[in-house]
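First the structure, in the form of C-alpha cells, and then the observations on it.
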C-alpha cells in the first residue's frame with residue numbers, strides 16, 4: 085500500500101488541510117499579544133499616573149515574566165478551544181462514522197488530531213515569544229535568553245497536558261460548543277487554583293506554573309526534571325483515557341446538544 089492510499093496518511097493530510105489555515109492568524113494574534121503584553125507594562129504608568137510611584141521600574145525580567153504568565157492562562161484556554169472540534173465536531177458533522185469505518189487504529193485517529201493542533205499552536209507560541217523577546221530587547225533591555233528558552237520549553241510541555249485535556253473533553257462532549265465551553269472552564273479553574281499555590285512548601289510541586297516560576301526563582305535541575313516527568317505522565321494518562329473512551333463508542337452518531 086503506497087503512502088498516498090494509506091488511510092492514516094489520508095487522515096494526516098485531512099487534518100493538515102483543515103488546520104493549516106489557523107497557523108497564520110494564530111501566529112499574528114500571538115505576535116500582537118506578545119507586543120501588547122510588554123507595551124502595556126510600559127505605558128501603564130502614563131495611563132494611570134497614580135500607579136507611577138507604586139510600580140517598580142520595568143525590567144526585561146519583569147516584561148518576560150508578565151508575558152509567560154499571560155501565556156500560561158490565556159493562551160492555554162485558546163488551545164483547548166481549538167481542540168473542541170477534534171472529535172465533537174466530527175460527530176456533529178456526521179463525519180465521525182466515515183472515519184471509524186476506515187481501517188485506521190483508534191490511537192492513530194486521536195494522536196493525529198492531537199498533534200495537528202499541538203503543532204499549529206506550538207508555532208503560534210514560538211512566534212509570539214519571539215516578538216515579545218524582540219520588543220523587550222528593543223524597548224526595555226536584553227532579557228535572559230536561556231531562562232526564557234527554558235521557560236518556553238516547559239510551557240510547551242504544559243501545553244501538551246492542556247491539549248490532552250481538550251481532546252478528552254472533545255471525545256466525551258455532546259457538541260463542539262459544549263466541548264469548548266467545558267474545556268475553557270477546566271483550564272481556567274486549573275490556572276486560577278495553581279496561581280495561588282506559590283508558598284515555598286508547594287511551589288516546587290506546582291508543575292502547571294513552573295514555566296512562570298522559573299523566571300521568578302531558582303529551581304534545581306532535579307526539581308525541574310521531576311515536574312516535567314509528572315506533566316508528561318499526566319498527558320499520557322489523559323490520552324490513554326481518550327483512546328479508551330473513543331474506542332468504546334461503538335456506533336458514533338450525531339448527538340443533540
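Residue numbers (this note's numbering): 85 to 341. Idealized CB from N, CA, C, for every residue including glycine. Keep in mind it's a predicted model, so treat the numbers as computed, not measured.
> From residue 339 to residue 300, what distance separates their C-alpha atoms?
Replying inline: Residue confidence is low: residue 339 scores 47 on pLDDT, short of 50, so the model does not pin down where it sits. Its coordinate-derived value is still stated next. Approximately 47 Å between the Cα atoms of the pair.
>> Measuring straight from C-alpha to C-alpha, what distance separates residue 325 and residue 315?
In response: 16 Å
> What number of angstroms, rounded off, separates the C-alpha of residue 253 from the C-alpha of residue 111?
Replying inline: 25 Å
>> By the three-class DSSP mapping on this structure, what secondary structure does residue 320 have?
In response: helix
>> residue 224 and residue 144 - do their beta-carbons sit closer together than 7 Å?
In response: yes
> Leaving out five residues before and five after residue 194 in sequence, what residues of the same chain have Cβ atoms less than 7 Å from its Cβ?
Replying inline: 251, 323, 326, 327, 330
> Is it right to say residue 309 is buried, meaning 16 or more other beta carbons lie within 10 angstroms of its own, or is it exposed?
Replying inline: exposed
> Closest by CA to residue 106, which one among 141, 200, 231, 152?
Replying inline: 200
>> Check for me: the alpha helix (DSSP H) holding residue 219 runs from which residue to which?
In response: 190–223
> Assuming residue 268 contacts residue 172 under a Cβ cut-off of 8 Å, what Cβ separation, rounded to an integer in Å, is found between them?
Replying inline: Wrong, their Cβ atoms sit about 14 Å apart, outside the cutoff.
>> Is it buried or exposed, residue 273, if we count other Cβ atoms within 10 angstroms and call 16 or more buried?
In response: exposed
> Which residues in the same chain have their Cβ closer than 7 Å to the Cβ of residue 85, if we skip the five residues on either side of it in sequence?
Replying inline: With a pLDDT of 49 at residue 85, under the threshold of 50, the modelled position of that residue is not reliable, and the figure given next carries that caveat. Hits under 7 Å: none found.
>> Using C-beta distances below 7 Å, list every residue in its chain close to residue 220, excluding the 5 sequence neighbours before and after it, in chain order.
In response: 122, 144, 147, 148, 227
>> Considering only the alpha carbon of each residue, which of 98, 102, 188, 119 lies closest to residue 222?
In response: 119
> Excluding the five sequence neighbours on either side, which residues of its own chain have a C-beta within less than 7 Å of the C-beta of residue 92, listed in chain order?
Replying inline: 188, 192
> Relative to the C-alpha of residue 82, which residue among 99, 305, 116, 115 is closest?
Replying inline: Because the chain is modelled from 85 through 341, residue 82 falls outside the range shown and cannot be assessed.
>> Just verifying my parser: in three-state terms, what is the DSSP assignment at residue 99?
In response: helix
> Using the C-alpha atoms, what's the distance from residue 218 back to residue 318?
Replying inline: 33 Å
> Looking at C-alpha atoms only, which residue of 235, 234, 154 is the closest neighbour of residue 56?
Replying inline: Because residue 56 is not part of the residues shown, which for the chain are 85 to 341, the question remains open.
>> residue 152 and residue 235 - do their beta-carbons sit closer together than 7 Å?
In response: yes
>> Quick check: the Cα distance between residue 181 and residue 212, rounded to an integer number of angstroms?
In response: 37 Å
> Taking the alpha-carbon positions, what's the residue 94 to residue 170 distance?
Replying inline: 16 Å
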